[in-house]
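*Asks:*
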Amino acid sequence: MLRIEGVSVCYGRIQAVREVSLSLQEGELVALLGPNGAGKTTLLKAIAGLLKPSSGEIWWRDWQLSLLPAHQVARLGISLVPEGRQLFSSMTVQDNLLLGDYVHHVGRFKNLLGPKQWLIRRPEDQQRLAEVYSLFPRLQERREQRAGSLSGGEQQMLAIARALMSSPQVLLLDEPSTGLAPMLVREILGLLEHLRERGLTIFLVEQDAHAALRIADRGYVMETGRIVDEGSRKELLASPRMRRAYLGGL
Amino acid sequence: MPLYEAKDYFQLFVSGASSGCIYVLIALGLIAIYNVTGVVNLAQGEFVMLGAMFAVLFRGFHLPLGTSLLAAVLSVMLVGAFVQRVTIHPARHAPPVTLIIITIGTAITIRGLALLFWGTTPYSLPEFSPGPPVQVAGAVLSRQRLWIMGTAMLVLLLLYLFFEFTLLGRAVRACALNRVSAELMGVDSSLMALLAYVLSAGMSAVAGVVMAPLTLVSYDMGLVLGLKGFVVAIMGEMENAPAAVVGGILLGVLESFASAMISSGFKDAIAFFVLFVVLLLRTVRFRDLLGRRT
Ligand SMILES: Nc1ncnc2c1ncn2[C@@H]1O[C@H](COP(=O)(O)OP(=O)(O)O)[C@@H](O)[C@H]1O
Ligand SMILES: [Mg+2]
Numbered sequence: 001m002l003r004i005e006g007v008s009v010c011y012g013r014i015q016a017v018r019e020v021s022l023s024l025q026e027g028e029l030v031a032l033l034g035p036n037g038a039g040k041t042t043l044l045k046a047i048a049g050l051l052k053p054s055s056g057e058i059w060w061r062d063w064q065l066s067l068l069p070a071h072q073v074a075r076l077g078i079s080l081v082p083e084g085r086q087l088f089s090s091m092t093v094q095d096n097l098l099l100g101d102y103v104h105h106v107g108r109f110k111n112l113l114g115p116k117q118w119l120i121r122r123p124e125d126q127q128r129l130a131e132v133y134s135l136f137p138r139l140q141e142r143r144e145q146r147a148g149s150l151s152g153g154e155q156q157m158l159a160i161a162r163a164l165m166s167s168p169q170v171l172l173l174d175e176p177s178t179g180l181a182p183m184l185v186r187e188i189l190g191l192l193e194h195l196r197e198r199g200l201t202i203f204l205v206e207q208d209a210h211a212a213l214r215i216a217d218r219g220y221v222m223e224t225g226r227i228v229d230e231g232s233r234k235e236l237l238a239s240p241r242m243r244r245a246y247l248g249g250l
Numbered sequence: 251m252p253l254y255e256a257k258d259y260f261q262l263f264v265s266g267a268s269s270g271c272i273y274v275l276i277a278l279g280l281i282a283i284y285n286v287t288g289v290v291n292l293a294q295g296e297f298v299m300l301g302a303m304f305a306v307l308f309r310g311f312h313l314p315l316g317t318s319l320l321a322a323v324l325s326v327m328l329v330g331a332f333v334q335r336v337t338i339h340p341a342r343h344a345p346p347v348t349l350i351i352i353t354i355g356t357a358i359t360i361r362g363l364a365l366l367f368w369g370t371t372p373y374s375l376p377e378f379s380p381g382p383p384v385q386v387a388g389a390v391l392s393r394q395r396l397w398i399m400g401t402a403m404l405v406l407l408l409l410y411l412f413f414e415f416t417l418l419g420r421a422v423r424a425c426a427l428n429r430v431s432a433e434l435m436g437v438d439s440s441l442m443a444l445l446a447y448v449l450s451a452g453m454s455a456v457a458g459v460v461m462a463p464l465t466l467v468s469y470d471m472g473l474v475l476g477l478k479g480f481v482v483a484i485m486g487e488m489e490n491a492p493a494a495v496v497g498g499i500l501l502g503v504l505e506s507f508a509s510a511m512i513s514s515g516f517k518d519a520i521a522f523f524v525l526f527v528v529l530l531l532r533t534v535r536f537r538d539l540l541g542r543r544t
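Protein chains in written order, with the numbering used here: chain A, 1 to 250; chain B, 251 to 544.
See below:
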């Protein structure tokens, strides 16, 4: 279980997240909704270890994530697909995926210093690559292309594929649908549903409440750093506050 | 002015190119550190000096030459690791200007310690394979110059293989491209910064070791070499390794022609003339250099 207990995060004197508490059961797909500037990205960064909470604790199973640097959090199986994708754009698609695979090779000098061509022929790595390529066939076609030369949709797929290469237990996604055509948004949501069915725990940050609530089990709503509403998908869809603010009188 | 024949030009070109190889090794170290940590390391030349000095020192213990050279390079890498952890790492969140000043302090400290330890006496190291100069297509080259060029090429090849074809090399590159993303992939960016620093110190030490037999080795040789490496790194816009390779060789060749045809007193001025021209033409604006943080 991922538990966030009374977490506050500050940028200097600005408090972007104020005493937020929430939790995710394993295997759940939970949405975090809220307008621009609510503090959603800040909260995700705190979970991923990129920002340190000024108070509160973040627990994953028996580890207190808020004490660990980001690379340790990633090695525990918590993978963030960041806002704006943050690909290594001058590297090839396959090299981006190989870096996603890095967690499996930490401290193994033979794998780290051997030719990367050998790595992708090892059965485990080959299987992981084959799996993400079967989820995203277009990435396989473009595996020797520079990541920066992909279309927006393909870049988002690569960002998710790269995160999946680390075989995560928890996938954190920061607005994966931003800037994508409706058809691509549907494709990505379908994919997240599929991953959840395979047992992945997913925390999905979205501004588009319609889209997120189509697939989420539960959701939280954040405004100016606080959780202002929470509940199951049905409860949120029926909540007057949600209908007024985010669902446009559904 | 004496008249030069074609083979004399070739001679000047080749001996200049071999000096250029030294600048290339220093510049690539600077570029590696800058891209992974955002630090312009003005102490780079001191590692060249330490490489040469340690080689002389180990040679004094009556170790075989090959062993002394290897031990010298490895010791400098250790010193590099120590320097990175003690000076750069604790200040890694400081503004770039602070970090540059720290590296200047490091350079002065290393030079001062070298002065205390070795004094002002210049030392010398024997050639790796003593013997008469060799003729290459009409040019007469000392054997050591062939060693310099061969070693530089080997180091470049190894670096290329490391950065392009190994996962660890890709991880170091990833830190240079996007440190936050690299951390999210489980890459320990502070360890990669250490690795980049140690590799760079090693490259500079190799430069110091191979050039030592051609010059006298003294505690203050690092300053000018470090600055020339910096000029070459700027020619590669602080990130373009192939451009730095071409730039370094070009600088060596220019120096070689200028000291033969104008006056040997001009040799060290060339680098600064080149820096002036390069900065005027475009490349890195100093503001970027001071303002960039990865
Ligand atoms: N690097 C930063 N420095 C200072 N303030 C920031 C920084 N990043 C975000 N903020 C502020 O924190 C608040 C929350 O931002 P953010 O977490 O990005 O919100 P969201 O992802 O919900 O749009 C905003 O008021 C924003 O201006
Ligand atoms: Mg955001």
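Here a beta-carbon is modelled for each residue, glycine too, at the ideal position from N, C-alpha and C.
Scan the segment 105 to 122 of chain A for residues whose Cβ lies nearer than 9 Å to a Cβ of chain B and list them as they occur along the chain.
*Replies:* Result list: H105, V106, F109, N111, L112, L113, G114, P115, K116, Q117 and L119.
*Asks:* Using beta carbons (cut-off 9 Å, strictly below), is T544/B in contact with chain A?
*Replies:* Its pLDDT being 41, under 50, T544/B is placed unreliably by the model, and the measurement read from it follows with that caveat. It does not; no Cβ of chain A falls within 9 Å.
*Asks:* Would DSSP call I227/A helix, strand or coil?
*Replies:* It is a strand residue.
*Asks:* Could you check whether L172/A and I160/A sit closer than 9 Å to each other, using their CB atoms as the reference points?
*Replies:* No, Cβ-Cβ distance for I160/A and L172/A is not below 9 Å.
*Asks:* Assign R361/B to one of three DSSP states: helix, strand, or coil.
*Replies:* If DSSP states are grouped into helix, strand and coil, R361/B belongs with the helices.
*Asks:* For S54/A, which three-state DSSP category applies?
*Replies:* Coil.
*Asks:* Can you check whether the C-beta of G49/A is within less than 9 Å of a C-beta belonging to chain B?
*Replies:* Taking Cβ atoms only, chain B reaches closer than 9 Å to G49/A, which makes this a yes.
*Asks:* Do we get a CB-CB distance below 9 Å when we pair D95/A with the residues of chain B?
*Replies:* So yes, D95/A belongs to the interface.
*Asks:* Taking its Cβ as the centre, do 16 or more other Cβ atoms sit within 10 Å of Y410/B, making it buried, or is it exposed?
*Replies:* Y410/B comes out exposed.
*Asks:* When a residue counts only if its C-beta is closer than 6 Å to some heavy atom of ligand 1, which residues count, in chain order?
*Replies:* Result: Y11/A, I14/A, A16/A, G34/A, N36/A, G37/A, A38/A, G39/A, K40/A, T41/A and T42/A.
*Asks:* Would you mind working out which of R243/A, I227/A and G231/A sits nearest A16/A, comparing C-alpha positions?
*Replies:* Minimum Cα distance to A16/A is reached at I227/A.
*Asks:* Between which two residues does the beta strand (DSSP E) holding S440/B run?
*Replies:* Taken as a continuous stretch (DSSP letters only), S440/B belongs to no beta strand (DSSP E), being part of the alpha helix (DSSP H) at S439 to M461.
*Asks:* Spell out whether any CB of chain A is found under 9 Å from the CB atom of N285/B.
*Replies:* False, the Cβ-Cβ gap to chain A never drops below 9 Å.
*Asks:* Starting from A216/A, find everything on chain B with Cβ-Cβ shorter than 7 Å and list it in chain order.
*Replies:* Ordered by position in chain B, no residue passes the 7 Å Cβ test against A216/A, which lies about 23 Å from the chain.
*Asks:* Name the two residues that bound the continuous beta strand (DSSP E) containing A389/B.
*Replies:* From DSSP, the beta strand (DSSP E) with A389/B extends over A389 to L391.
*Asks:* Check this for me: beta carbons of Q71/A and V437/B, under 9 Å apart or not?
*Replies:* Rather than Gln, the amino acid found at residue 71/A in this sequence is His. It is a contact, given that the beta carbons lie within the stated cut-off.
*Asks:* To which residues of the same chain is G34/A closer than 7 Å at the C-beta, ignoring the five residues directly before and after it?
*Replies:* Contacts found: K40, V221, M222 and E223.
*Asks:* Using a C-beta cutoff of 9 Å, does R395/B count as contacting chain A?
*Replies:* Not an interface residue.
*Asks:* What does DSSP give as the partner residue(s) for Q15/A in the beta ladder?
*Replies:* Note: Q15/A sits in a beta bridge opposite C10/A.
*Asks:* By the 7 Å beta-carbon criterion, what residues does the segment 161 to 175 of chain A contribute toward chain B?
*Replies:* So the list reads S166, given in the order they occur along the chain.
*Asks:* Just to confirm, are A357/B and L349/B a CB contact at a threshold of 9 Å?
*Replies:* Not a contact, by the Cβ cut-off of 9 Å.
*Asks:* Quick one: residues in its chain with C-beta nearer than 7 Å to the C-beta of Q156/A, no 5 flanking neighbours on either side, listed in chain order?
*Replies:* So the list reads R85, P176, L180 and I188, once near-sequence residues are dropped.
*Asks:* With respect to 8 Å, is the separation between the Cβ of E83/A and the closest non-hydrogen atom of ligand 2 below this value?
*Replies:* Yes, since a heavy atom of ligand 2 falls inside the 8 Å radius drawn around the Cβ of E83/A.
*Asks:* According to DSSP, simplified to helix, strand and coil, what is T287/B?
*Replies:* Helix.
*Asks:* Using Cβ-Cβ distances below 7 Å, what residues of the segment 405 to 419 of chain B are close to chain A?
*Replies:* Cβ contacts with chain A: F415, T416, L417 and L418.
*Asks:* Which term fits T197/B, buried or exposed, when burial requires 16 or more other beta carbons within 10 angstroms of its beta carbon?
*Replies:* Here chain B comprises residues numbered 251 to 544, so residue 197/B is not present and cannot be evaluated.
*Asks:* Is the beta carbon of E223/A within less than 8 Å of some heavy atom of ligand 2?
*Replies:* Checking every heavy atom of ligand 2 against the Cβ of E223/A, none is found closer than 8 Å.
*Asks:* Would you mind working out which of G502/B, M303/B and I281/B sits nearest G472/B, comparing C-alpha positions?
*Replies:* Nearest of G502/B, M303/B and I281/B to G472/B, Cα basis: M303/B.
*Asks:* Check the Cβ of G100/A against every Cβ in chain B and list those closer than 7 Å, keeping chain order.
*Replies:* Those within 7 Å of G100/A in chain B are M435.
*Asks:* Would a C-beta distance cut-off of 9 Å place R162/A and N96/A closer than the cut-off?
*Replies:* Yes, these two residues count as a Cβ contact at 9 Å.
*Asks:* Judging by CA-CA distance, which residue of S454/B, C271/B and T371/B is the nearest neighbour of E505/B?
*Replies:* Of the listed residues, the one whose Cα sits closest to E505/B is C271/B.
*Asks:* Given 8 Å as the limit, is there contact between the segment 353 to 369 of chain B and the segment 280 to 297 of chain B, that is, 3 or more CB pairs closer than that?
*Replies:* Contact between the segment 353 to 369 of chain B and the segment 280 to 297 of chain B is present, because at least three Cβ pairs lie under 8 Å.
*Asks:* Can you name the residues that DSSP bridges to G232/A?
*Replies:* Residue 232/A is actually Ser in this sequence, not Gly. DSSP, once it has assigned bridges, lists R218/A as partnering S232/A.
*Asks:* State the DSSP-derived secondary structure class of R3/A, mapped to helix, strand or coil.
*Replies:* Strand, per DSSP.
*Asks:* Name, please, each residue of chain A whose Cβ falls closer than 7 Å to the Cβ of A491/B.
*Replies:* In chain order: nothing, as chain A lies at least about 13 Å away.
*Asks:* Quick check: does the Cβ of E433/B come within less than 8 Å of any heavy atom belonging to ligand 2?
*Replies:* Outside the cutoff, so no.
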